[in-house]
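Line by line, the protein sequences are chains E and A.
Residues 1 to 171, numbered by the UniProt record's numbering, are exactly what the first sequence covers, in order.
Residues 1 to 171, numbered by the UniProt record's numbering, are exactly what the second sequence covers, in order.
Note that the Cβ used here is the ideal one computed from N, Cα and C, for glycine as well.
As the structure is a prediction and not an experimental result, all values here were calculated from the model.
Step one of this worksheet: look at the structure below.
Protein chains: 2
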Amino acid sequence: MALQSERSLDQTDWKILRELQKDARLSYNELGRRVGLSAPATAERVRKLEDAGIITSYGAQVEVTKLGLPLLVFIQLRCFPDHCLFKTSSAEKFPEILEMYKLSGNYCALLKVALSSMEHLEAFTERLSFYGEQTTNVVTSNLFSQQVIDWEKPEVNLRPSTQQGWDKRKR
Amino acid sequence: MALQSERSLDQTDWKILRELQKDARLSYNELGRRVGLSAPATAERVRKLEDAGIITSYGAQVEVTKLGLPLLVFIQLRCFPDHCLFKTSSAEKFPEILEMYKLSGNYCALLKVALSSMEHLEAFTERLSFYGEQTTNVVTSNLFSQQVIDWEKPEVNLRPSTQQGWDKRKR
DNA sequence: ACTGAAATGGTCATCAT
DNA sequence: ATGATGACCATTTCAGT
């Protein structure tokens, strides 16, 4: 029933998305109060957003620094043709890798990696050297992360092909 | 309540962290069932993890592609000394920027940016050119993201030189 | 989408280890 | 210091409107 397939989101949907991105553990009661809906109606909206694949999951954000991983690095990887990290699907063997992207350009992959120490970094890059050439950059400060997606003109953004740019954001 | 319990995380804490990273909306009842604790005890553990700053927030994960932002790019920025993006604190004016890191190496910053179209990318890089020289790479596929922090051998990975216990503070 | 009732979950005081 | 239990209150869910 959520499949009014290409219905675009209304203001209430966007409010729900904003609130749930900021606090996924809100009760439907409180969430409904904030968006101006009753709890059952709110729950139904959220269920539709989940079914539509717009909300994919709810996750606790953890501070890796406090879990003994004070070092965050980005590694650009140019894979060797015969040992590509993707094709061997060995990424699972590296729990240090938080995110992995395939990129256009000179390097075939970008890795975001959390590490416990310089020794750990050394051991990790050594292990990774089997797969390709690396360029490593250490994060010296994290200016911000996981900004909430919350646009002012969703109806524009939902139809990228037919629009002029969109430069404004809510509030 | 213990102010000085400088203890590190036990297996139950790790189970809680794993479950909450996978589903932040679990009830304490269900979470407690999974980790083998009563609901109040589970709630107390979670509260301590929050107070210790280990769990920083709970967020709904949204699929930016379905919100009209099919283009994900990384931009390396070498700021002009006089117009550094950090010092002018103009990053707020760019809702397209999802994450921003200060990096060691040739480039002073790495931006992760979500965009609605090629035209949008063009307009964005044009606006950003005021701040510094850019190198842009488009993400062609996202191999994985936000891997759950859940080490097989926490006793190894959890001991950097400075293990941080929990500092508790009252709510 | 709202209301109201039944089921479930959260919180607190208390007790036990 | 931490966990369990039970009472009480809040929230979720489902019916009917």
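Mind listing the chain A neighbours of residue i? Cutoff is C-beta to C-beta under 7 Å, in chain order.
i, result
"S104(E)", "N137, V138 and T140"
"L20(E)", "A60"
Using a cut-off of 8 Å between C-beta atoms, extract the partners of residue i located in chain E.
i, result
"Y58(A)", "D23, A24, R25, Y58, G59, A60 and Q61"
"L121(A)", "Correct list: empty, because the minimum Cβ distance to chain E is about 10 Å."
"K66(A)", "A52, G53 and I54"
"F86(A)", "L143"
Taking 7 Å as the limit between beta carbons, can you name the residues of its chain near residue i, skipping five residues before and five after?
i, result
"T136(E)", "V73, I75 and T125"
"C108(E)", "L77, R78, C79 and K102"
"E96(A)", "V113, A114, L115 and F124"
"R18(E)", "V148 and D150"
"A39(E)", "Y28, N29 and G32"
"A60(A)", "none"
"A43(E)", "Y28"
Considering only residues of the same chain and omitting the five flanking positions on each side of residue i, which have a CB-CB separation below 8 Å?
i, result
"A83(E)", "It should be pointed out that residue 83(E) corresponds to His in this sequence rather than to Ala. Excluding positions up to five away in sequence, the list reads F130, Y131 and G132."
"residue 220(E)", "No information on residue 220(E) is available, as it lies outside the stretch 1 to 171 that chain E covers here."
Provide the residue(s) that pair with residue i in DSSP beta bridges, ordered along the chain.
i, result
"G59(E)", "G59(A)"
"A109(E)", "L77(E) and K102(E)"
"Q133(A)", "For clarity, residue 133(A) is Glu in the given sequence; the question names Gln instead. According to DSSP, E133(A) bridges with R78(A)."
"A39(E)", "Looking at the DSSP assignment, A39(E) forms no beta bridge with any residue, so it has no partner."
"I97(A)", "V113(A)"
"F144(E)", "M100(A)"
"V139(E)", "L103(A)"
In chain A, what lies closer than 8 Å to residue i by C-beta?
i, result
"Q147(E)", "P95, I97, L98 and E99"
"F74(E)", "Y101, L103 and L110"
"A91(E)", "L143 and F144"
Compute the Euclidean distance between the alpha carbons of residue i and residue j, then round it to the nearest angstrom.
i, j, result
"E99(E)", "N29(E)", "34 Å"
"L85(A)", "A91(A)", "7 Å"
"L20(E)", "I55(E)", "9 Å"
"S57(A)", "K93(E)", "28 Å"
"R45(E)", "D10(E)", "11 Å"
"M118(E)", "V62(E)", "21 Å"
"S8(A)", "L26(E)", "29 Å"
"A41(E)", "L49(E)", "13 Å"
"A52(A)", "S141(E)", "21 Å"
"F144(E)", "L110(A)", "11 Å"
"V139(E)", "P70(E)", "10 Å"
"N157(A)", "A24(A)", "Because the pLDDT at N157(A) is just 40, under 50, the model does not fix this residue reliably, and the value given afterwards should be weighed accordingly. The alpha-carbon atoms of N157(A) and A24(A) are separated by roughly 24 Å."
"L128(A)", "S104(A)", "20 Å"
"K87(E)", "Q134(E)", "17 Å"
"K66(E)", "P81(E)", "38 Å"
"residue 228(E)", "N106(A)", "The requested residue 228(E) is not part of the displayed model; chain E covers only 1 to 171."
"L37(A)", "E122(A)", "54 Å"
By Cβ distance below 6 Å, which residues in the same chain neighbour residue i in space, the five residues on each side in sequence not counted?
i, result
"V64(E)", "A114"
"K15(E)", "V35"
"T12(E)", "V35"
"G68(A)", "S116"
"Q146(A)", "none"
Considering residue i, what are the terminal residues of the beta strand (DSSP E) in which it resides?
i, result
"F74(A)", "L71 to C79"
"G32(E)", "From DSSP, G32(E) is part of no beta strand (DSSP E) but of the alpha helix (DSSP H) over Y28 to V35."
Provide the residue span of the alpha helix (DSSP H) that contains residue i, from first to last.
i, result
"I16(E)", "Q11 to K22"
"R127(A)", "M118 to L128"
For a contact meaning CB atoms closer than 9 Å, what does residue i contact in chain E?
i, result
"L17(A)", "A60, V62 and L67"
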